[in-house]
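Structure first, then comments.
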Amino acid sequence: MTEDTQVELDALLKNIRSQFYTEATAKKFFQDRNVLLVAITWPASWLKHRGVTWSAERYFQTIRELLQEIKRHGATGEIQYFPGYLLKCVQDHFAHNSDTYCDEAKRTRSAFDMALGRVMNASKLAEVRAAEQTVDVLAEAHRMLASTRRRPKARPAKSDDQLSLL
75 MTEDTQVELD ALLKNIRSQF YTEATAKKFF QDRNVLLVAI TWPASWLKHR GVTWSAERYF
135 QTIRELLQEI KRHGATGEIQ YFPGYLLKCV QDHFAHNSDT YCDEAKRTRS AFDMALGRVM
195 NASKLAEVRA AEQTVDVLAE AHRMLASTRR RPKARPAKSD DQLSLL
């Protein structure tokens with residue numbers, strides 16, 4: 075993970091802690107930290123899967139705006155497990171705005187391709203590659219974080235719950 079991306083993620087976590095974990099202990103926040111990171115990095119996986127490229131600034135600004143919306147309109151006092159609520163809100167937001175984000179990416183890509191056809195601007199190409207790298211890095215971080223989450227194990231069936239063959 076790049077240093078700038080890590081700094082932005084740390085700033086988002088600090089923001090979440092100051093807004094939503096005011097009553098909770100530091101231990102509770104750090105127990106929830108990995109799932110919070112899964113929620114924060116989930117959009118990168120969504121974007122990468124759809125071939126949408128955002129700049130780091132656009133990505134983190136969208137997450138900050140989502141956090142503000144949750145703070146303003148969410149029933150945060152009634153929530154028992156905030157990281158799950160945050161993940162659900164992020165997923166719902168992207169499901170609701172998927173057409174908008176995909177159309178925006180198509181327009182941007184089309185405008186860039188037309189400009190690229192006229193003149194090859196190396197600095198603009200470097201900006202696009204850097205933007206792709208941010209989403210790719212966050213998507214990979216999400217994949218790694220999501221794969222390490224502990225899943226509940228299936229409980230073995232009790233012998234009296236099973237039917238007898240005879």
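Residue numbers for the sequence shown, in our numbering: 75 to 240. Note that the Cβ used here is the ideal one computed from N, Cα and C, for glycine as well. All of these numbers come straight from a predicted model, not from anything done at the bench.
Out of the options, which one is the CA nearest neighbour of residue i?
{"i": "E82", "options": "E131, W116, F103 and H123", "result": "E131"}
{"i": "D78", "options": "E178, S221 and S129", "result": "S129"}
{"i": "T136", "options": "T115, G148, R124 and H147", "result": "T115"}
{"i": "K180", "options": "R124, Q105, W120 and R217", "result": "R124"}
{"i": "R146", "options": "C176, F168, F94 and F104", "result": "F94"}
{"i": "A169", "options": "L121, L212, A213 and G151", "result": "L121"}
{"i": "K162", "options": "S221, V112, E178 and K101", "result": "V112"}
{"i": "Q165", "options": "T150, Q105 and I144", "result": "I144"}
{"i": "V126", "options": "T174, Q105 and G151", "result": "T174"}
Could you give the C-beta distance for residue i and residue j, rounded to a whole number, given that I count them as a contact under 8 Å?
{"i": "L160", "j": "L219", "result": "At roughly 14 Å, the Cβ-Cβ gap does not stay under 8 Å, so L160 and L219 are not in contact."}
Go through its chain and collect everything with a Cβ distance to residue i's Cβ below 6 Å, but skip five positions before and after it.
{"i": "F248", "result": "There is no way to answer for residue 248, as the model of the chain reaches only from 75 to 240."}
{"i": "A213", "result": "A118, S119 and K122"}
Who are the near neighbours of residue i in its chain, counting only those whose CB is closer than 7 Å to its CB and skipping five residues on each side?
{"i": "I90", "result": "L110 and L141"}
{"i": "M188", "result": "Residue placement at M188 is flagged as unreliable, the pLDDT there being 48, under the threshold of 50; a coordinate-derived value is accordingly withheld."}
{"i": "D84", "result": "none"}
Could you name the residues of the same chain whose beta carbon sits closer than 8 Å to that of residue i, not counting the 5 residues immediately before and after it, in chain order?
{"i": "L86", "result": "I114, F134, I137, R138 and L141"}
{"i": "K102", "result": "Y95"}
{"i": "R217", "result": "S119"}
{"i": "T76", "result": "Q207, T208 and V211"}
Checklist entry - Can at least three beta-carbon pairs, one atom from the region 141-158 and one from the region 208-220, be found at a separation below 8 Å? => result no
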